[in-house]
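Our numbering applies: residue 10 is where the sequence shown begins, and numbers increase by one.
Don't be surprised by glycine CBs; every beta carbon is placed ideally from N, CA and C.
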Amino acid sequence: MALPNPIPDNPLRWEGWRSYNSPNLYERLCLDHTGNVSADLIEENTRLLHVWWQKKLPLKNQPSNPMAQLLRQGLDEAPHFLAEARTRLLDPEKRSKHDAELHLQLVAKAVVEFRKLITFTLAEKKLTEESQARLFTAGEAMGLKHDDMIPVIDAELERTGSARIGAIPPPPPVVEVPVIEQLPVAHHILPIASPVPQEREPFAEFRKILGMSRLCLDGEEMTDDQRDAMCNLGEGLGLTGGQAEDLIDEYLEEMASKPMPASGPPPRAGAAATIAPPRPVVAPVRHSPSTVRPVPAPKQEINMSPIARVEEKLRYPNFINTLGLDMYLIPTGQFRMGCETPDGQQNEQPVTPVILSAFHMSRVPITNGMYEKYDPAHRNKRGAWADDTHPVIYVSSVEAEEFCKWLSQRENRKYRLPSEAEWEYAARGGETRLFPWGDRTVTGHLANFADVRTQFAWRDSNVDDGFAETAPVGSFPRGASPFGIEDLAGNVFEWCLDAFEPYKGRETVNPKATKITTKRVYRGGSWKSRISSLRCCARNSNLPTYQSNDVGFRIVCECS
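Written out as structure tokens, the structure is:
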């Protein structure tokens, strides 16, 4: 359970206090062990929890008070358990050992649940290959590996006296025989049955329909009504909304890459028209509908079990790249993209469920010092106040993408700008929080925005964040997201990979960044922004060549 900010004073409104003596050290401090828990976050949560319990100490002298009876032993024990969690998590060796113990506990818990499924499957004292395949599928969804499941299945077979049964033989293959269409004759010995229409593969059929629509062929943009109509048509063919959206995006990108059709000159008066020779008529070959079946596209399965998330953390550890930039793992997860509240902007709705696979994201934005290793001439564009540690500014979306290509070749990794969905997920941590740090209104120690030091009409004269322009990256560690990513709110806007498009409202898995419109998205607000622009769901956009003294970027690295 994440630590709320601020922590409710009433323990009846917050269940997190009950975890003070949990065997999971992360839970004691209200931390997520699958995330990037920094030393600063450990220290901050320990301090806040100590303060919360200290405020409850007067209840020790009020034994009849219902709150004192509720908290009971925690009043004496909590400080000790919190201090123990802090000490062990700040020690890299002890923390690594604790992580391994948590992983073993998760595996043991999953095995118990898996054994229950085996018991149910062996109710008739037999296990077919088909039933075993279903068990493997269920076990993988729990995060178990194939090698972990086999000994458990074997042990249950021996314990219950059950036996494996050979697989049911598959039906004999049907030989496809072409039927030549007969020419009309005066008499038929047998009547010819009318052909049964062949069932069409939905993906190929929808692609064909998109091509026949000729939408956007002349370079115009697809309207929302046209897109919705095509999505409905795709769903009528048996596709999901997300699959239809992906195919539409694929079609639009293909159209955008084609040259504009040239209109040829009108024919000269009196010119003879060229008549094409008649095409030969070929008798069609019809296949038996029983032998031709559509091949379904493989469904993208993403395992989000606790075991899978822990193993993901072990498989793709955080790393420091050649620029000295911390790259933090953003684990596989799901969230609701967009604004949940009625006062959100129109372009932040409708709320869209999104599922994302893991990726690495830079802890802070790209700095002047990092960018100028790629483009030394950019030093002339620095702000007068900025040094190597300030975020790079006056960089367009195009230049940011070129930097990612350069870094990818340099390290043999796949770097790029984050998609808009990845950016918002990294900021929210799978929750519906308003800002990366929570729902608390920004103060001077959480982000750099338009405060008393600026001259803007919309500045907040009650806040002093310490900077009149950009701040060195990482200056506001308390404003980090649940994944430990810093500076996602304020300081500089950050380019994303996507073109600016309306949300669709349909669940999507690993949405592809498209570039079918003229504007690119940037997120997060800047030192010139009012507080509302720092919200996790706030969206902005401009031309790919746009440059400004408050727009920079950060990078992601694909897991492979």
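Restricting to Cα atoms, I'd like to know which of the options is closest to residue i.
i	options	result
A547	V518, K513, E503	E503
S105	T43, W23, L334, R442	T43
F458	N500, G493, V363, P445	N500
T341	K528, S366, E138	S366
L332	F344, I364, Y380	Y380
V121	A164, L99, T350, A265	A164
C566	L497, T350, R532, Y325	Y325
F492	T526, T450, E440, R539	E440
G533	S550, P553, A498, T554	A498
S140	L126, L153, M151, N30	L126
G25	L91, Q343, Q355, N471	L91
E230	F509, S541, L58, N549	F509
A435	A489, S405, A265	A489
F465	G483, L57, S535, P481	S535
P101	E138, L79, A48	A48
G483	R468, T463, A456	A456
S569	Y531, Q82, E321, M264	E321
V319	H107, I16, D469	H107
S541	E411, Q235, W467	W467
N471	G438, S31, R539	R539
W23	L58, Y383, D156	L58
G438	V404, I375, Q343, Y383	Q343
Q556	F145, I564, R529	R529
V46	S222, K65, R95	R95
A213	L246, T232, C240	L246
K382	E357, P359, Q358, W415	W415
Would you list the residues sitting across from residue i in a DSSP beta bridge?
i	result
V560	F502
N471	Answer by DSSP bridge pairing: none, since N471 is not bridged.
F215	Answer is none; F215 lacks a bridge partner.
N549	Y531
V518	I364
T137	I174
I494	Per DSSP, none; premise fails for I494.
R345	P362
D156	Beta-bridge pairing links D156 to no other residue.
I339	F368
P400	T376
Y424	C566
G447	F444
F328	M336
A409	A409 pairs with nothing; no bridge assigned.
A508	R529
Compute the beta-carbon to beta-carbon distance between residue i and residue j, rounded to the nearest angstrom, for a pair I have assumed lies under 8 Å.
i	j	result
L323	H369	That pair is no contact at about 14 Å.
I316	V461	Not really, about 49 Å apart at Cβ, beyond 8 Å.
G243	L224	That belief does not hold up - the Cβ atoms of G243 and L224 are roughly 13 Å apart, past 8 Å.
R97	L34	6 Å
D335	S371	7 Å
L248	P211	5 Å
I429	D507	As written in the sequence, residue 429 is Glu, which differs from the Ile given in the question. Sure, about 4 Å apart at Cβ, within 8 Å.
R487	H454	6 Å
V407	T526	The pair is not a contact, with the Cβ atoms about 15 Å apart (cut-off 8 Å).
I'd like the list of long-range same chain contacts for residue i, defined as Cβ closer than 7 Å, with 5 residues on each side in sequence excluded.
i	result
S417	K423, Y424
A409	L426, W504, F562
N54	L12, L38, C39, L40
P289	A caution first: P289 carries a pLDDT of 49, below 50, which makes its placement in the model unreliable, though a value can still be read off. Here the set comprises nothing.
P520	V363, S428, A430
N14	W446, G447, R449
A119	M151, G152, L153, I316
L79	P20
Once you ignore the five residues that flank residue i on each side, which residues in its own chain have a CB closer than 8 Å to its CB?
i	result
S28	M10, E36, R37, C39
K135	S171, A172, R173, I174
G392	H399, I402, E478, T479, N558
T361	R345, M346, G347, Y512, K513, G514, R515, E516, T517
I329	D335, M336
T128	E165, T169
N377	H387, R388, R391, A395, D396, D397, T398, H399, P400, V401
Q235	L224
Does residue i come within less than 9 Å of chain C when only Cβ atoms are used?
i	result
W536	Annotation note: the requested chain C is absent from the structure, which comprises a single protein chain.
Tell me which residues share the same chain as residue i and place their Cβ nearer than 6 Å to its Cβ, disregarding the 5 neighbours each side in the sequence.
i	result
K103	R97
M313	T341
V373	V482, G483, E495, D496
G148	F123, M158
G83	Y29
L192	Annotation note: pLDDT 39 at L192 (below 50); position unreliable, coordinate value reported separately. Here the set comprises nothing.
R209	At R209 the pLDDT is 49, less than 50, meaning the model places this residue with poor confidence; the figure from the coordinates comes in the next sentence. Same-chain partners within the cutoff: there are none.
*Go through the segment 98-134 residue by residue and report every complete run of the alpha helix (DSSP H) that reaches 4 residues or more, in order.*
With a minimum length of 4 residues, the unbroken runs of alpha helix (DSSP H) contained wholly in the segment 98-134 fall at 101-130.
*Along the chain, which unbroken stretches of the beta strand (DSSP E) at least 3 residues long are found entirely within the segment 361-396?*
Segments of the beta strand (DSSP E) lying fully in the segment 361-396: 361-365, 368-371.
_Which runs of the beta strand (DSSP E) at least 3 residues long sit entirely within the segment 228-253? Give them in chain order._
Within the segment 228-253, no complete beta strand (DSSP E) run reaches 3 residues.
*Return the chain-ordered ranges of every alpha helix (DSSP H) run that is complete within the segment 66-94 and spans a minimum of 4 residues.*
Whole alpha helix (DSSP H) segments, 4+ residues: 75-80.
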